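Engineer:
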Amino acid sequence: MIEALGYIAGVFIVVSFLPQVVRSYRTRGVRDLSLAMILATLIGTLLWITYGALTADPPIVVMNTVFGVFVVMLLYLKLRYDR
74 MIEALGYIAG VFIVVSFLPQ VVRSYRTRGV RDLSLAMILA TLIGTLLWIT YGALTADPPI
134 VVMNTVFGVF VVMLLYLKLR YDR
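Written out as structure tokens, the structure reads:
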């Protein structure tokens, strides 16, 4: 039950970030996105994955890995289209 709660929480975090990634991809508009925020989010996500691995907590590892993919996508878009 507790593990399911972790997955549910992770889904909401991932879903909350998805519209920004989709919008940035479609419009190529990333000027208003802070590179520092994206990098801080990526570092935090990598630390959560590490924590989850060290504590053997699958929801933390799985959901932060999925979230990390979206953060890397946003970082790529920021670096490619921010002119």
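Start counting the sequence shown at 74; every next residue gets the next number (the numbering used here). Virtual Cβ for every residue (Gly too), placed ideally from N, Cα, C. Values in this document were obtained by computation on a predicted structure and should not be read as measured data.
Measure the CB-CB distance between F140 and T118 and report whether it falls below 8 angstroms.
Structural biologist: yes
Engineer: Determine the burial state of S97: buried for a count of at least 16 other Cβ atoms within 10 Å of its Cβ, exposed for fewer.
Structural biologist: With 16 or more Cβ atoms within 10 Å of its Cβ, S97 is classed as buried.
Engineer: Ends of the alpha helix (DSSP H) at T118?
Structural biologist: L108 to L127
Engineer: Alpha helix (DSSP H) containing M74: first to last residue?
Structural biologist: M74 -> no alpha helix (DSSP H), and no H or E assigned at all.
Engineer: For R99, which three-state DSSP category applies?
Structural biologist: helix
Engineer: Could you tell me the alpha carbon to alpha carbon distance between S89 and V144, rounded to whole angstroms?
Structural biologist: 12 angstroms
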